[in-house]
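With the working numbering, letter number 125 in the sequence shown gets 639, and the count goes up by one each step, no holes.
Idealized CB from N, CA, C, for every residue including glycine.
Reviewing the structure listed below.
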Amino acid sequence: MISRFGRVAGTVLCILLLSACATRQGAAPVVDHGRNWQSAQLALEQGRQRYEQGRYEQALLWLEEALTLGLRNPEDTVEAHKLAAFIACVQSRPGDCRRHFTELLAIDPDFELARAEVGHPMWGPVFSEVKRTATVR
515 MISRFGRVAG TVLCILLLSA CATRQGAAPV VDHGRNWQSA QLALEQGRQR
565 YEQGRYEQAL LWLEEALTLG LRNPEDTVEA HKLAAFIACV QSRPGDCRRH
615 FTELLAIDPD FELARAEVGH PMWGPVFSEV KRTATVR
């Protein structure tokens with residue numbers, strides 16, 4: 515028969531072993547920096563997937579990584595900034611939202627949000643304001 519101490523010690527040992535297997539959510543992406551444009555493209559894909567799944571913190575990590583590595587196509591850079599702006603707006607970070615929209619419009623001054631996106635109460639007005647300011651300059 516196992517003593518009470520043995521059961522408690524076994525339980526504690528199991529908990530410690532299982533906790534060692536846990537992964538941190540939101541950990542920074544691991545990307546091969548030697549192949550920047552390919553890594554940036556993969557990071558954008560991961561960011562897009564996380565965004566579509568509603569995992570915004572993780573999506574933002576991947577999108578920022580894609581932008582840092584440097585996406586090859588301007589359209590991809592615009593998309594990364596757009597998604598990052600949407601996340602920032604929803605998370606009540608208007609400064610970051612404006613910054614991403616500003617950088618997006620610096621790449622593509624003629625960019626317009628899709629009809630469904632422009633009417634969004636969180637980012638629609640911010641985008642309109644940034645666009646108006648950008649065209650005045």
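Buried or exposed (CB count within 10 angstroms, at least 16 for buried), residue i
i, result
"ILE621", "exposed"
"ALA630", "exposed"
"LEU527", "At LEU527, the pLDDT of 44 sits below 50, so the modelled position is not reliable; the number obtained from the coordinates is stated separately. By the 10 Å Cβ count, LEU527 comes out exposed."
"ARG586", "exposed"
"SER606", "exposed"
"GLY633", "exposed"
Distance between beta carbons of residue j and residue i, contact taken as under 8 Å
i, j, result
"LEU618", "VAL592", "5 Å"
"ARG564", "ALA573", "4 Å"
"ARG495", "VAL644", "Look at the range of the chain in this structure, 515 to 651, and you will see that residue 495 is not part of it."
Assigned secondary structure, residue i (DSSP; H/G/I helix, E/B strand, else coil)
i, result
"GLU566", "helix"
"LEU585", "coil"
"SER606", "coil"
"PRO639", "helix"
Cβ-heavy atom distance, residue i to the ligand NAP, below 6 Å
i, result
"GLN572", "Only the bare structure without any ligand can be found here, which leaves the ligand NAP out of the picture."
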